[in-house]
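See structure below.
Residue numbers (full-length UniProt numbering): 1 to 425.
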């Protein structure tokens, strides 16, 4: 029986601003590759976006359209009462979540066939709410995989009243999913699975993970270059040729630990006069107070650069800059941040050491002999670990780089996703 895979998501199809978007883009890339090997039909249901708005990403949309056309699937825009002008507007209320999921039910009832093996991948937390409407599906020949990429307990975001309602909705949906033999919750990495077990009493078997990864082919051009600090001037980053870089990047969110990094740097910058801290944190998560707070912490701290810019060429170039000394992943509440795998991949033939948070999914990417672990919530401890990493000798640096080069292959997402499908279908 032919398999029909339907992806329901928002970012990464018509837009691309977050890790959720990267996961969706990776799914599109992997399925495009795997459709040469397997008899698949792929459809994509996505939150509709105004193609004239600044959030629209033509390349994402074209890749998605090409995949569904290649496999005979459908590209289905879902309800978006904000008219798709802003990504934040799409997901600021639980009513939006319900609208999108009811719209998905309607779309699936028009799209699904009983003579196919239907697989629905519900990408990110808002699509947990589909469990409330699942019984409205006319076609019963379907397996559902729910991929929450954050949870209300794990992600301390938003006012308490809003967050408590979110947690209640999540618990109700997890109960509904557990009662359906054709549905399961999938964890993005084992660290996040442990958190969901502790917070929501969910249990996971070996086949209930989709390990995060990257589509390596997309990065090959950068992995073959090395540049000097002067190359950064095209991004308006001006650093003296002999200065070294401590770098962190990701969307501006409390989940990313940038506040803790800024506080640590404000304590130790005078001890590291040969280093600059660069944080690339595009302010697109609706957390303006957090963005301004970080700017305020660093406002009078020299050797500090904050970039409100999504441009991926910036972080890729900095990671391939010879003077990049420490790459920092201080995230606090990420299931499995892409930045951790990107840091691992881009360390090929470089001299930087990765300093990672020991509190979330970043540790899924690095063994304890491949990076330096730190607790960003303990600012004194975190500060000392930054200094320790800067002072690491060349032999230790080389050993870590060699170890990372031997384990990066585990994070090839095409292979990861193929194995996931084999084990679950």
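Positions of the beta carbon are idealized from the N, C-alpha and C atoms, including for glycine. Small disclaimer: the values here were computed from a predicted structure and weren't measured.
DSSP three-state assignment for residue i, whether helix, strand or coil
i	result
residue 41	strand
residue 386	helix
residue 362	helix
residue 242	coil
residue 472	Outside the shown range of the chain (1 to 425) lies residue 472, about which nothing can therefore be said.
residue 69	helix
residue 412	strand
residue 275	strand
residue 234	helix
residue 61	helix
residue 74	coil
residue 216	helix
residue 307	strand
Whole-angstrom distance between residue j and residue i, CA atom to CA atom
i	j	result
residue 342	residue 328	12 angstroms
residue 299	residue 43	47 angstroms
residue 324	residue 281	17 angstroms
residue 352	residue 229	14 angstroms
residue 263	residue 371	21 angstroms
residue 214	residue 163	31 angstroms
residue 414	residue 218	12 angstroms
residue 125	residue 275	39 angstroms
residue 200	residue 326	36 angstroms
residue 58	residue 72	21 angstroms
residue 208	residue 362	19 angstroms
residue 191	residue 27	21 angstroms
residue 143	residue 97	21 angstroms
residue 338	residue 181	31 angstroms
residue 132	residue 105	11 angstroms
residue 375	residue 409	27 angstroms
residue 18	residue 12	8 angstroms
residue 128	residue 32	26 angstroms
residue 175	residue 123	18 angstroms
residue 266	residue 301	6 angstroms
residue 244	residue 236	17 angstroms
residue 56	residue 65	14 angstroms
residue 25	residue 53	20 angstroms
residue 268	residue 383	7 angstroms
Boundaries of the beta strand (DSSP E) in which residue i is found, first to last residue
i	result
residue 324	324–329
residue 332	No beta strand (DSSP E) contains residue 332, which DSSP labels as neither H nor E.
residue 354	353–357
residue 143	142–147
residue 4	3–9
residue 117	117–123
residue 373	372–374
Enclosing alpha helix (DSSP H) for residue i [first to last residue]
i	result
residue 24	19–34
residue 170	160–178
residue 290	288–298
residue 264	258–268
residue 109	94–111
residue 338	338–346
residue 314	312–319
residue 209	Counting along the chain, residue 209 falls outside any alpha helix (DSSP H), and DSSP gives it neither H nor E.
residue 395	394–407
residue 190	190–200
residue 223	220–223
Burial state of residue i, where buried means 16 or more other Cβ atoms lie within 10 Å
i	result
residue 68	buried
residue 306	buried
residue 330	buried
residue 14	buried
residue 292	exposed
residue 367	exposed
residue 1	exposed
residue 76	buried
residue 388	exposed
residue 101	buried
residue 256	buried
residue 183	buried
residue 151	buried
residue 385	buried
residue 179	exposed
residue 103	buried
Inter-residue CB distance, residue i and residue j (contact presumed, cutoff 8 angstroms)
i	j	result
residue 117	residue 141	7 angstroms
residue 189	residue 29	In fact, because the Cβ distance is near 19 angstroms, the residues do not count as touching under 8 angstroms.
residue 78	residue 47	5 angstroms
residue 320	residue 225	5 angstroms
residue 253	residue 285	4 angstroms
residue 240	residue 317	That belief does not hold up - the Cβ atoms of residue 240 and residue 317 are roughly 17 angstroms apart, past 8 angstroms.
residue 359	residue 344	Wrong, their Cβ atoms sit about 18 angstroms apart, outside the cutoff.
residue 3	residue 35	No, residue 3 and residue 35 are not in contact; Cβ-Cβ is about 10 angstroms, not under 8 angstroms.
residue 111	residue 74	6 angstroms
residue 278	residue 247	5 angstroms
residue 186	residue 130	Not confirmed; about 14 angstroms, so no contact.
residue 177	residue 167	Not quite, the Cβ-Cβ distance comes to about 16 angstroms (not below 8 angstroms), so this is no contact.
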